[in-house]
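Peer 1: This structure is in structure tokens; I'll ask about it shortly.
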Amino acid sequence: MTRTATIYVALLVAASVALADDFVIIRADVPATTALKFSPLIASTDAEGLRQAMETAQLPQGALYAEDTASGQSLSAQLNLIGDRAQFAALLPNQPAGRREIRVWLQNAPHEPSVPDEQVSLAREGDAVVVGGPTYEVRHDPARNIGILSQITFPETGKVFTPSIGDRLYSKEAGGFYLRNDPRAELEVAADGPLMVEVRVSARYVSGAGAVPETEPQAVYALRYWAGLPVVAIEAQVTQGQPMAWNELHFLEVHFKDDSFTHFAQDDPSVAIPFADDKQGHRSPRWGALVEGPNVLGMTGNTLIYDGLNDYGRYLHGPWEAWTTDRIDYTRWLLISSEDEALQALDAVASGTVGAGNAVVLTEGLLVAFDELATTAQDWMLRSDQRGLLAGALNWRVTLLRAALEQGRPVNEVLTAARQLQELAANDPSRAATWLPPTDGGRLLLADDGKLGVGLLQTGTGIQLASLYDMVAGREMLGAASELFRITLTDADGSPASLASSDGWSGMRASASGNTAGAAIEASFERPLQDGLSNIIARLTCAISGGESRWSLSVENDTRWSIDAVTLPELHSVRIGNSQSDDSLYVPQGYGREYPDGMGARYVGYYPSGTCALPMLLVSDETSGLYLCAHDADASARMINSDNATSLGIPLDIEEPAPNASVAGNDFATAGDVVIARVDGGWYPATQTYRAWLQESAPWWPEGDPDYGRPDRPEWLNDIAAWVLTSGGPENVVEPTRRFREYMGLPCAIHWYSWHQIPFDNDYPHYFPTKEGFREGVAELQEAGVRVTPYINGRLWDTDTESFQQTAFQYATRDRDGEPYIEVYGSGERLAAMCIATEFWRETLHEIVMRLMTEFNVDGVYMDQIGAARPRLCFDPSHGHPLSGGGWWTDGYWTLLERIQEDIAEVSPDKMLTTESNAEAYARWFDTYLMCNSLGDGLVPLFPAVYGSKVLGFGRYMSAEDWDAPESLAQKQGQLFIWGTQLWWSQPGVIDHAFAGPWLRDLVRLRYSVREFFNEGRMLPPPVLQGNDTLVRADWHRRDLSATTPAVIATTWGVADGRILIPMVNVSQEPQTVTLGFDPRSLGLEAGAAFTAERIGPRGASALGTWTGYTRHEIALDGVEPAALLLTPLR
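So this is what it looks like as structure tokens:
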């Protein structure tokens, strides 16, 4: 008998003598929210697999006894058998948040089931069912809306609402198809209480004439009603037989054409807006609601409310988007209530994750097996022999088994596999480390370098990304199988098509190789099944080393179709560790922005631009994180995307427009690599991963020492203490700016707008002649110690000028239809985005800049929008660049800026260039970036951590209202200080304000005294401030923005000689005392490193003694006081 057979027999014997389990264990994440009285939980598993694993004749349905494992508290639970699934429902207390475990008894329960005080009711009226909750009554009648929300009653007020549900599919070619048109739609009660009622509606999409599309799209809606809760969960699974491109998929269009609701509200619970029949749509990212008196019908997530009573009607609408795959899932929560502060309740529900997530059902036997395997892996880690090297691989396989359970693998099969792995781990460690868990009809390929594991699942028609395993932290980072890539195409008629890695191929090959020194994956995809696409071949490669996987895709296209764009990868679901509640999503918008829990995080960043300064996304907790980034030395145009967190995690993807899109038969190759990596926790380590690649490979990395400073920047720019923003002729500009410089007593600069005779954002680019006296005003300001930087626009030409209509129009960027890209701003003028690939536009800008530098002797020129606005995907073949995608946009600006810098250096080495926002791709050629647009809540210094002193920044939008709001002023300017940015960039009249003037001058003087660190240093890991628990929320007086930060904000900076600076600001008006925990090891230094310490303020420094090794130092700060700690190493 073979060894494998011996193991199999041993497993059968073990199973036969095991005692039957009495209860199941359910583990789930409870979100940190008090929006609802309880967190509803749904946990599903294969019913027959569970029955076999429990060794019971049948599974019980209905109410069951359950209790919290940690506290022993009894809970309300219910088991529903729906098709082949066993669905557990429970209501969990909201506290404590995080990973929770409950036990649900299926037999031999110690107590009777706990019945909730408030039950959900179910009544049958013929073919209809009526569900009653604490604040609603909902009728499901197959005769109306096929049973989806046929009628909603508000019992408290007696209001009855009868909506029309307009859920449908639409394509330009095929027309519209509605669920409500299906005569074969089915309604069933899948769960009948007492804890939860679930009503399911299944239907096809059918045209008004009764036709069904060739791909037979259909949907299953599950509406769940919970005892005692005013919310209803609506889940939908929309499928079709094969991928087909639909222009529109509509989910939850709650439509009415009367005055059933007179007001609506969106994202702000304090404001209900009257319907005005203005035929306008109103979008909101977090929630929307229909309001009539106290009656509120609200929906979470991205919503659209249309106000057109005498037009199409009015509606509250959920997702409305294009659909090209064979399946898409949705979840939305409705709040139906007439209670006081119903809108506030909706706002709270929409502010975080609703319900417990990441639920998994285990049996007692399976829990024991997992625990024993985890203990074995832990023991291996402590060994110095071969097993020590294999511990990560064993842990990964255990995690894959857990994931199989979460993804619906039958419990009995997972239990059998776990026992097999136990046997191998005990007797044959090498085989245990290469063992593959069972899969449904596919082949699993695993490759790792000892730090990062990558798993692919190959099926009969495609390949998916099945696992991303952090072998350092011992945690899976992928919550569900994801697409490796997606190719979008169009034909000559504009019809769309889509090819994803997971399905639709008749030929695939995949292989994995390597070891801990490095691993590789190769895959090929051939002969797509879709009509007309069979001559497409895709080849995917992945190299794994150092905890990074570097991916690239090439596509050979011998068809009449054009490749429009390629998404690589499409990580629909990512979560870090066991819980999503402590995860954050970080996006590269401006300085960088954090979205705790990934909520409110629908993000589309056009790289390179101010909305997407870096081509990077990060999901991380404090232990480790998932890094997704394009490492592309061409800085090609891309879209960096994320969306709101789901129960499994946060969707992430990177989309690259294809060069020569619209040209039939165009090929594609990834520009550079797309990198998926494991990184250490928090936001800082990911920035250093990207910085390391930039220093090695990016042509835009500024010259000089790769770590510190920048020799090509004018020295006077390093010394600027504050910036003035003002506009008009010299009679309005010179004297106020001179007074500002005199008040500050330090070098200043002015950003001068409207120095030209043309109006702002009008008649561009005809900036000459200037306003009278401009040249003399420049000289007068320079004499007073003020450097002058006038404004021009680096992208736009006014279309109503004679010069555009006669000449420049042919050099404007054009869309796919050949029309110029037009942008309209406050002036109302139609401005064309010009194509930088054309010599004409480059020469135009060069002439303007050089004339200002030479004829008017300005110190610098501000070229607006280059670092802020997105590249326009130009389709004009006469411009000489690849159509649409590629790196030609940045290359065109590099050519222009390199020439300008060379030419102005011949005029004077003391002149500079700057632009709006911080698109990184121009960092080598711009001496500083205006950071005015990076505003609001959740900001983190990703960009300064990457670039440090290699790129200076200055300024931020301010308001005169900030002058009277000390905490607003301290937050907005305090962030600039600690992030290394030069201060102010606003009106010079602040010096006459009793508080703001002196406060700003103090901060300016402090920053000036430590400017060496921002000019020559780099940002280090953030300091640890203990006791910094006070939060400050301040109104930023711009577009309703506000921000909440800790009372004391601080960063850490270092220079080449080892000195360390910790700048800080107390943004609260109240005094604060915090304790700095300074650990030299966190900065890569010896544990016993010694420093002399001093505290620096606006008026001088005071000694703090010698710090050796780990040091705790108490810091007391007065209200809105800035300070800095300087640590000098003892040699």
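Note that our numbering has the sequence shown beginning at 1, numbered continuously upward.
Every residue gets a Cβ at the ideal spot worked out from N, C-alpha and C, and that includes glycine.
How about Leu-533: is its Cβ closer than 7 Å to a heavy atom in the ligand FMN?
Peer 2: Ligands displayed in this structure: none; no statement on the ligand FMN is therefore possible.
Peer 1: For Lys-972 and Trp-1036, I'd like the C-alpha separation in whole angstroms.
Peer 2: About 8 Å.
Peer 1: Can the beta-carbon of Ile-792 be found closer than 8 Å to that of Ile-848?
Peer 2: For Ile-792 and Ile-848, yes; Cβs fall inside 8 Å.
Peer 1: Do you know how far the Cα of Glu-916 is from the Cα of Leu-896?
Peer 2: Cα to Cα, the separation comes out at about 17 Å.
Peer 1: Quick one: using the 10 Å Cβ neighbour count with 16 as the cut-off for buried, is Glu-1121 buried or exposed?
Peer 2: By the neighbour-count rule (16 or more Cβ atoms within 10 Å), Glu-1121 is buried.
Peer 1: Can you tell me whether Asn-732 is helix, strand or coil according to DSSP?
Peer 2: Three-state result, Asn-732: helix.
Peer 1: Across the stretch 140–151 and the stretch 162–175, are there enough close Cβ pairs to call them in contact, namely three or more that are closer than 8 Å?
Peer 2: These segments touch.
Peer 1: Count the other CB atoms within 10 Å of the CB of Gly-474; is the residue buried (16 or more) or exposed (fewer)?
Peer 2: Per the 10 Å Cβ criterion, buried.
Peer 1: Smallest Cα separation from Pro-429: which of Leu-652, Thr-459, Thr-376 and Val-472?
Peer 2: Out of Leu-652, Thr-459, Thr-376 and Val-472, Thr-376 has the C-alpha closest to the C-alpha of Pro-429.
Peer 1: So what's Gln-78 in DSSP terms, helix, strand or just coil?
Peer 2: DSSP places Gln-78 in strand when its eight states are reduced to three.
Peer 1: Take Val-1074 as the anchor and find which of Gly-1097, Leu-1061, Leu-1085 and Arg-1112 has the nearest alpha-carbon.
Peer 2: Of the listed residues, the one whose Cα sits closest to Val-1074 is Arg-1112.
Peer 1: Using only CA atoms, which one of Thr-567, Glu-622, Phe-264 and Arg-560 lies nearest to Ile-576?
Peer 2: When only C-alpha atoms are compared, the closest one is Glu-622.
Peer 1: Based on the DSSP output, what are the partners of Met-1064 in its beta bridges?
Peer 2: Ala-1050 and Ala-1123, per the DSSP bridge assignment.
Peer 1: Just verifying my parser: in three-state terms, what is the DSSP assignment at Asn-94?
Peer 2: Note: Asn-94 maps to coil in three-state DSSP.
Peer 1: Relative to the C-alpha of Ser-662, which residue among Ile-563, Pro-651 and Asp-673 is closest?
Peer 2: Out of Ile-563, Pro-651 and Asp-673, Ile-563 has the C-alpha closest to the C-alpha of Ser-662.
Peer 1: Please state whether DSSP places Ala-512 in a helix, a strand or coil.
Peer 2: Looking at Ala-512 - three-state DSSP - the assignment turns out to be strand.
Peer 1: Once DSSP output is grouped into helix, strand and coil, what is the label at Met-853?
Peer 2: DSSP places Met-853 in helix when its eight states are reduced to three.
Peer 1: When DSSP labels each residue in this structure, what does Leu-1076 get in the three-state scheme?
Peer 2: Reduced to three states, the DSSP call for Leu-1076 is strand.
Peer 1: Taking the straight line between their C-alpha atoms, what separation do you get for Leu-179 and Ile-234?
Peer 2: Roughly 16 Å between the two C-alpha positions.
Peer 1: With distances taken Cα to Cα, identify the nearest neighbour of Ala-418 among Ala-374, Ser-554 and Gln-240.
Peer 2: Comparing Cα-Cα distances from Ala-418 to each of Ala-374, Ser-554 and Gln-240, the minimum goes to Ala-374.
Peer 1: How many angstroms separate the CA atom of Arg-638 from the CA atom of Trp-701?
Peer 2: Going by the C-alpha atoms only, they are around 19 Å apart.
Peer 1: Output the distance between the C-alpha atoms of Arg-397 and Pro-699, rounded to the nearest integer angstrom.
Peer 2: About 41 Å.
Peer 1: Using the rule of at least 16 other Cβ atoms within 10 Å of the residue's Cβ for burial, across every protein chain shown, is Gln-806 buried or exposed?
Peer 2: With fewer than 16 other Cβ atoms within 10 Å, it is exposed.
Peer 1: For the alpha helix (DSSP H) holding Tyr-811, just list the boundary residues, first then last.
Peer 2: Counting along the chain, Tyr-811 falls outside any alpha helix (DSSP H), and DSSP gives it neither H nor E.
Peer 1: Flag this pair as touching only if the stretch 495–504 and the stretch 516–535 have three or more C-beta atom pairs under 8 Å; answer yes or no.
Peer 2: Touching, per the Cβ criterion.
Peer 1: On a CA-only basis, which of Met-863, Tyr-922 and Glu-906 is nearest Trp-889? Give me that one, please.
Peer 2: Per the Cα distances, Tyr-922.
Peer 1: Below 8 Å between beta carbons: does that hold for Tyr-586 and Glu-594?
Peer 2: The answer is yes: Cβ separation under 8 Å.
Peer 1: Can Ala-227 and Leu-195 be called in contact, C-beta distance under 8 Å?
Peer 2: Yes.
Peer 1: Out of Met-1019, Gly-997, Asp-798 and Arg-1081, which has the shortest C-alpha to C-alpha gap to Trp-1053?
Peer 2: Ranking the options by Cα distance to Trp-1053, first place goes to Met-1019.
Peer 1: Exposed or buried, what is Tyr-690 when buried is set at 16 or more other beta-carbons lying within 10 Å of its beta-carbon?
Peer 2: Under this definition Tyr-690 is a buried residue.
Peer 1: Between Gly-460 and Gly-441, how many whole angstroms is the CB-CB distance? I'm expecting something under 8 Å.
Peer 2: Between Gly-441 and Gly-460 the Cβ distance is about 7 Å, and since that is below 8 Å, they are a contact.
Peer 1: Please name the residue or residues paired with Val-835 in a DSSP beta bridge.
Peer 2: Position check: residue 835 holds Cys in this sequence, whereas Val was assumed. In the DSSP output, where bridge partners are listed per residue, Cys-835 has none listed.
Peer 1: Under 6 Å Cβ to Cβ from Pro-1129, same chain only, skipping five residues before and after it: list those, please.
Peer 2: Same-chain partners within the cutoff: Gly-1058 and Phe-1091.
Peer 1: Hey, out of Pro-988, Thr-981, Ile-991 and Thr-1045, whose CA is closest to Phe-1014's CA?
Peer 2: Residue Thr-981 is the option with its Cα nearest to Phe-1014.
Peer 1: Looking at C-beta atoms only, is the number of pairs between the stretch 270–283 and the stretch 303–318 that lie closer than 8 Å three or more?
Peer 2: With the cut-off at 8 Å, the stretch 270–283 and the stretch 303–318 touch.
Peer 1: Can you list the beta strand (DSSP E) stretches of 3 or more residues lying completely in the stretch 200–241, in chain order?
Peer 2: Fully enclosed beta strand (DSSP E) runs of 3 or longer: 218–226 and 231–239.
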